[in-house]
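In the working numbering, the protein residues as written are 2 to 130.
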């Protein structure tokens, strides 16, 4: 039996995003409850995006291949990564999703091996006490 992690993982993404659905399925298959934030309904807060940008850099959060990125003309605008991150607050469809956070750990995109390592570490920490 898997032990639930000390904190509930948060997944930020979109219902219609294949990678986000795969992330939700990854945790569901392991019976790990998650808190899903649909960015269409509730855009990420500046501080939340900052957590990811602090670790990976602002440009890692931006999906330069997304239809919305191109529709906004951002592929030719030449905006700085910081400016694009600000734009993502009102245009979340330019973000690379899913954004997954578990406590202080964060990951961008589909990273099942990394998520599994988080769960293994949480389980091992629980058995060490």
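Yeah, the Cβ is synthetic: ideal placement off N, Cα and C, and Gly gets one too.
Would you say residue i and residue j are within 7 Å of each other, going by their C-beta atoms?
| i | j | result |
| --- | --- | --- |
| residue 8 | residue 98 | no |
| residue 13 | residue 38 | yes |
| residue 96 | residue 62 | yes |
| residue 35 | residue 27 | no |
| residue 102 | residue 19 | no |
| residue 93 | residue 40 | yes |
Might you give, ordered along the chain, the residues of its own chain that have their beta carbon closer than 7 Å to the beta carbon of residue i, omitting 5 neighbours on each side?
| i | result |
| --- | --- |
| residue 83 | 59 |
| residue 86 | 50, 54, 59, 62 |
Quick check on residue i: does DSSP put it in helix, strand or coil?
| i | result |
| --- | --- |
| residue 46 | coil |
| residue 77 | helix |
| residue 104 | coil |
| residue 121 | helix |
Tell me which same chain residues have a C-beta within less than 8 Å of the C-beta of residue i, skipping the five on either side of it?
| i | result |
| --- | --- |
| residue 76 | 65, 70 |
Rounded to whole angstroms, how far is the Cβ of residue i from the Cβ of residue j, which I believe are closer than 8 Å?
| i | j | result |
| --- | --- | --- |
| residue 111 | residue 23 | 6 Å |
Which residues in the same chain as residue i place their Cβ atom closer than 6 Å to its Cβ, once the five residues preceding and following it in sequence are excluded?
| i | result |
| --- | --- |
| residue 115 | 108 |
message = Quick test of the definition: if touching needs 3 or more C-beta pairs under 8 Å, does the region 51-68 touch the region 100-108?
response = By the Cβ test, the region 51-68 is in contact with the region 100-108, since at least three Cβ pairs between them sit closer than 8 Å.
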